[in-house]
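A.B. asks:
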Amino acid sequence: MRRRIFEIIEPSENGNKLSKIYDFVMIGVIIASIVPLAFKTSNAVFDWIDYISVAIFIIDYILRLITADLKLGKSVGSFFLYPFTPMAIVDLLSILPSLTALNGGFKLLKLFRLLRSLKVLRTFKFLRYSKSFEIIVNVFKKQKKVLIAVGSLAAAYILISALIIYNVEPDSFNNFFDAIYWATVSLTTVGYGDIYPVTVVGRIVTMLSSLFGIAVIALPAGVITAGYMAEINGEDNRND
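This is the structure in structure tokens:
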């Protein structure tokens, strides 16, 4: 029985009609649950959509929990490990805001309404049913060392740039966090313009930081693109 449930709730394989139907139903529920988030005000229809979708999400979470050993393959330990897997955390965080909101009548619990913003995590539930996302995850796993190295380089760049600009032009930055923010914006070459240097030395540092930022941003993009193409070619070869 649990084996059959597992085959249905996991992304559909060729010929598994029940699994495909389940996937389509869940995608429809996810879309419906996201629609109210696009409106500032709520109404009875939106409330019922939230109640029904959350009930379905809870059932889905329970089904995945009771079949965790078939997913993770770690026997009894799977039931304890599953709640800490990335998608299980996303599932739980997308459910909790609605459950806490039901207790909105108690003033002390109104603080939990802040959790309602976590409902946007329901958009990530789409990823469970995406074959492309599975390929991207494989790319990140295989290129993990390279991406960690690039990430460390970017973090070092931000810290060093922030330290330099903060000492070169202290009057333009109220605190070191502002310098970190400036360095991050410079790294991504966004340039909002809300914080900027006014001295010649500060502008030179900014130009050098922006040029270096282009190179740092290009590195992970190239690694991910190359890995993605390799995975696509591997999928095509396996299908042939």
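Position one of the sequence shown corresponds to residue 266 (this note's numbering), numbered consecutively onward. The beta-carbon is built from N, C-alpha and C at its ideal position, and this holds for glycine as well.
1. Distance check for Ala-427 and Ala-444, CA to CA, integer angstroms please.
2. What would DSSP say about Gly-492, mapped onto helix, strand or coil?
3. Span of the alpha helix (DSSP H) holding Ala-309?
4. Rounded to a whole number of angstroms, what is the C-alpha to C-alpha distance between Arg-267 and Thr-332?
5. Less than 8 Å between C-beta atoms, sequence neighbours within five positions excluded: which residues of the same chain meet that for Ile-400?
6. Considering just the uninterrupted stretch of the alpha helix (DSSP H) at Lys-282, what are its terminal residues?
7. Rounded to a whole number of angstroms, what is the C-alpha to C-alpha distance between Ser-307 and Val-300?
8. Determine, using beta carbons only, whether Met-291 and Asp-315 come nearer to each other than 9 Å.
9. Please report how far the alpha carbon of Ile-321 lies from the alpha carbon of Ala-353, in whole angstroms.
10. Measuring straight from C-alpha to C-alpha, what distance separates Asp-459 and Ser-397?
C.D. replies: If we stick to the structure as given:
1. C-alpha separation (whole angstroms): 5 Å.
2. helix
3. Element bounds for Ala-309: 309-331.
4. Between the alpha carbons of Arg-267 and Thr-332 lies a gap of roughly 6 Å.
5. Tyr-493, Glu-496, Ile-497, Glu-500
6. 282-299
7. 11 Å
8. no
9. 15 Å
10. 37 Å
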